[in-house]
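Accompanying notes for the structure given below.
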Amino acid sequence: MSIMESAIKLNEVVQNIAREKGISNEEAWIEAIKVYKEEYENANN
919 MSIMESAIKL
929 NEVVQNIARE
939 KGISNEEAWI
949 EAIKVYKEEY
959 ENANN
């Protein structure tokens, strides 16, 4: 996955978490990074 694809996917995760929890995108970033690492970084290794 390229850097651009990774950034887009991470942003999608942020937006999904924010929407699901009713919080701002800024508040969702920390959780989104954890989810992204678990789901996407480990899948690429």
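Be aware that the sequence shown starts at 919, since it is given in this note's numbering, and climbs by one per residue. All residues carry an ideal CB built from backbone N, CA and C; glycine is no exception. None of these values were measured; they are calculated from a predicted model.
Extent of the continuous alpha helix (DSSP H) run through residue i
i, result
"Y954", "943–954"
Buried/exposed call for residue i, threshold 16 Cβ in 10 Å
i, result
"A950", "buried"
"A961", "exposed"
"I935", "buried"
Which of helix, strand or coil DSSP assigns to residue i
i, result
"M919", "coil"
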